[in-house]
Amino acid sequence: EALIQLRQVSKTYANGSPALTGISLSVNKGDFLFITGPSGSGKSTLLKLLYGAERPSDGEVLIDRENPARLKGNKLAFLRRRIGVVFQDYKLIPRRTVAENISFVLWAQGYSRGEIQRRLQPALKMVGLVHKADCFPEELSGGEQQRVSIARAIVGTPPILLADEPTGNLDPDNSWQVIKILKKLNQIGITVLVTTHDENLIRMANHPVVQIRGGRLYRER
Ligand code: ADP
Ligand code: ADP
22 EALIQLRQVS KTYANGSPAL TGISLSVNKG DFLFITGPSG SGKSTLLKLL YGAERPSDGE
82 VLIDRENPAR LKGNKLAFLR RRIGVVFQDY KLIPRRTVAE NISFVLWAQG YSRGEIQRRL
142 QPALKMVGLV HKADCFPEEL SGGEQQRVSI ARAIVGTPPI LLADEPTGNL DPDNSWQVIK
202 ILKKLNQIGI TVLVTTHDEN LIRMANHPVV QIRGGRLYRE R
């Protein structure tokens, strides 16, 4: 059964511009899916509908049979915790160390000190940054900062990871390192959705691809 389902979803922003039109998509548990397409085609909007940052104007989004647009308060917060999100620009807190950036989300969710410590090391290890735990973001390369943001996204062990142009600011080597980590997370059972317009990366990674053009979805392979 589908973990993520979109049924005839459309999104028109307040200014009247249609970003998505009649999108239907089904993603099963354990899938790794690339979403490609030109800039402005609606890729970010699609992910925003999934993590509940935007609501569809029409149609239905279901995450594990729950509709984020219908949830409020604690229930919406709980659903969001099951979705890790990674952005192109990392969004790390500048004056906090790597370890603090990663533990912050757990602390905000009320995890105990012991539980935070127990979860921090495996997350750092997964992205190969145990030795950078006490560094500040500005001391890291772009690739390393993105790996910190991946560790932060998965430290709460969400079943779903969404990455919006995660390699958009990285050179080919660092881009591939990031994709390798996402593949590794997928292999341990996390369902991964990645937007990118990097055709090379898509070819190397060899996962199913859908394309969005002008707000409409086309299946590539
Ligand atoms: P992509 O991620 O493929 O670059 P987006 O989903 O960011 O595309 O944008 C799709 C369309 O929606 C674009 O025309 C964009 O200008 C418009 N758009 C995105 N966010 C907003 C917003 N908050 N308000 C109005 N229009 C928006
Ligand atoms: P890349 O080749 O991946 O782009 P850089 O050349 O930016 O990486 O950095 C190489 C190494 O130097 C990285 O391990 C990074 O952590 C470290 N580094 C980069 N900038 C700084 C800095 N301002 N202070 C301390 N260490 C840094």
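Following UniProt numbering, the numbering of the sequence shown begins with 22 at its first residue and continues without gaps.
Every residue gets a Cβ at the ideal spot worked out from N, C-alpha and C, and that includes glycine.
Can you give, in chain order, each stretch of the alpha helix (DSSP H) that sits fully within the segment 43 to 122 and has at least 4 residues? Qualifying alpha helix (DSSP H) stretches, in chain order: 64 to 71, 94 to 102.
Report yes if the C-beta distance between SER124 and LEU141 is below 8 Å; otherwise report no. Result yes, Cβ atoms of SER124 and LEU141 sit closer than 8 Å.
If you count every other CB in all the chains shown that lies within 10 Å of the CB of ARG102, and 16 or more means buried, which is it? Around the Cβ of ARG102, a 10 Å sphere holds fewer than 16 other Cβ atoms; the residue is exposed.
Confirm the yes/no value for this check: CB of ALA40, any heavy atom of ligand 1, distance under 7 Å. Within the cutoff, so yes.
Which residues mark the beginning and the end of the alpha helix (DSSP H) in which LEU150 is found? Careful: LEU150 lies outside any alpha helix (DSSP H) and carries neither H nor E.
Between which residues of its own chain and ILE233 is the CB-CB distance below 6 Å, once the five residues before and five after are set aside? Apart from sequence neighbours up to five positions away, the residues of its chain that approach ILE233 with a beta-carbon distance below 6 Å are GLY58, SER62, GLY63, LYS64, ordered along the chain.
8 Å Cβ cutoff met for VAL48 and LEU214: In contact: VAL48 and LEU214 (Cβ atoms closer than 8 Å).
Residues bridged to PRO23 [DSSP beta-bridge criterion]: Note that residue 23 is Ala in the sequence shown here, rather than Pro. Listed as beta-bridge partners of ALA23 by DSSP are ASN49.
Candidates SER133, ILE104, LEU41, GLN166: which alpha carbon is nearest LEU150's? Nearest option by C-alpha distance: GLN166.
Beta-carbon proximity list for PRO77, same chain, < 7 Å, skipping 5 on both sides: Counting only Cβ-Cβ distances below 7 Å, and skipping sequence neighbours, we find VAL30, SER31, LYS32, LEU70, ALA90.
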